[in-house]
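Every letter in the sequence shown is one number past the one before it in this note's numbering, and letter 92, counting from 1, is 491.
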Amino acid sequence: MNCGHPTPDYSHIDRDNIYDPAEDTFLLLDSLDDEIKSICMRGFPLVAMEMGCGSGVPLAYLSNLLHRYDNNSQCLLIGVDINPIALSATRITIDKTLSLYPVEMIIDDLGISLFQRLHGIVDVLLFNPPYVSSSNNITASYESSRYLQASWDGGVDGREVIDRFLPVARQLLSSNGICYIVLEQCNRVTNFCILCEQFGFKCCVIKERKAGIERLYVVKLTI
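Put into structure tokens, the structure is as follows:
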């Protein structure tokens, strides 16, 4: 678990409908601890987004890090999720940190409807996707009874949502933007990085950790 700064309080989340933060979440938080100076040296972020925000813990944690780095600047925090219960939880998670940054919650599938408004202006993009490999196609519909499954079930090789995300990220990121995405070994990390390069990204693994039967990675994408 992250030890650099306190993990945001997520005791309020509805665990029947929202993914409970686990080792993948905490690996992402640890990566943000390591990366915050690098993020801000590229220019203090004006827009930070978490795709599939769920509990909102990573976005709230990033908000804390940014404020500690520069308490005079402002950053718009955007949470995007197909699950309205998750959006409510994310807002509460951020509110509990006493963040003074403006917050916007958007119900959407991978932010596709945001291309026109947010094209090329997202400076930090976080994504802890559904990466577990399964034979189910989860992209067809998101009924309330399936919200929790949709938060972890990634289909074939765990890549169905991840691969759909890449062109979205390419559209949203600013020229100095950074994307951090969590992957698991079954996602074929090397193959993923090759695909990223085809979309014009520079791609590198910045952190990895064994967590039970999973080997987790945080991959950094820049343009």
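Heads up, the beta-carbon is just placed ideally off N, CA and C, and yes, glycines get one too.
Cβ-Cβ separation, residue j to residue i (assumed contact under 8 Å), whole Å
i      : j      : result
Pro407 : Thr492 : 5 Å
Met448 : Leu524 : 5 Å
Pro529 : Asp508 : The pair is not a contact, with the Cβ atoms about 12 Å apart (cut-off 8 Å).
Cys602 : Val581 : The Cβ separation is near 14 Å, so there is no contact.
Val626 : Gly510 : Any answer about residue 626 is impossible in this case: the structure gives the chain only from 400 up to 622.
Paired residues, beta bridge with residue i - DSSP
i      : result
Ile478 : Ile is not the amino acid found at residue 478; the sequence shown has Gly there. The partner list for Gly478 (beta bridge, DSSP) reads Glu449, Met504.
Tyr579 : Leu525, Lys619
Asp552 : Val531
Ala610 : Glu613
Cys595 : Looking at the DSSP assignment, Cys595 forms no beta bridge with any residue, so it has no partner.
Cys585 : Cys585 is not bridged to any residue.
Val604 : Val618
Which listed residue (the options) has its alpha carbon closest to that of residue i
i      : options                        : result
Ile477 : Arg516, Asp469, Arg467         : Arg516
Lys609 : Phe425, Asp413, Tyr409         : Phe425
Leu445 : Val581, Asp432, Ala485, Ser462 : Ser462
Arg414 : Ile612, Gln548, Ala568, Asp556 : Gln548
Gly451 : Lys606, Ala568, Ser532         : Ala568
Ser571 : Phe443, Val521, Val456         : The sequence given here has Leu at residue 571, not Ser. Here the closest residue by C-alpha is Val521.
Ser410 : Ser454, His466, Val555, His404 : Ser454
Cys439 : Gln473, Pro566, Tyr418         : Gln473
Tyr468 : Lys436, Gly576, Gln584, Val531 : Lys436
Ile612 : Asp423, Ile412, Asn416         : Asp423
Ser533 : Val617, Val555, His518, Ala459 : Val555
Arg563 : Gly576, Phe598, Tyr546         : Phe598
Tyr546 : Asn586, Pro566, Arg441, Ala485 : Ala485
Phe526 : Cys585, Tyr616, Leu475, Gly519 : Tyr616
Gly519 : Pro566, Pro483, Ile481, Ile412 : Pro566
Arg614 : Glu596, Asn590, Thr589, Cys585 : Cys585
Classification of residue i by the beta-carbon crowding that lies within 10 angstroms, buried from 16 upward
i      : result
Ser574 : exposed
Leu620 : buried
Ser430 : buried
Phe600 : buried
Met504 : buried
Ile593 : exposed
Arg558 : buried
Met400 : Note that Met400 scores 46 on pLDDT, short of 50, meaning its location in the model is unreliable and no value can be drawn from it.
Ser512 : exposed
Ser550 : buried
Asp583 : The residue asked about is misnamed: residue 583 is Glu in this sequence, not Asp. Burial call: buried.
Asp494 : exposed
Pro384 : Given a span of 400 to 622 for the chain in the structure shown, any question on residue 384 remains unanswerable.
Leu624 : A query on residue 624 cannot be resolved here, the shown segment of the chain reaching from 400 to 622 and no further.
Pro381 : Residue 381 is absent from the structure shown; the chain starts at 400 and stops at 622.
Leu427 : buried
Asn471 : exposed
Ser540 : Caution applies to Ser540, whose pLDDT of 45 falls short of 50 and renders its modelled position unreliable; the model cannot decide the point.
Ile506 : exposed
7 Å Cβ cutoff, residue i in contact with chain B
i      : result
Phe564 : Of the protein chains in this structure there is only one, and it is not chain B.
Contiguous beta strand (DSSP E) assignments of at least 3 residues, all confined to the region 400-467 = Correct list: 446-450.
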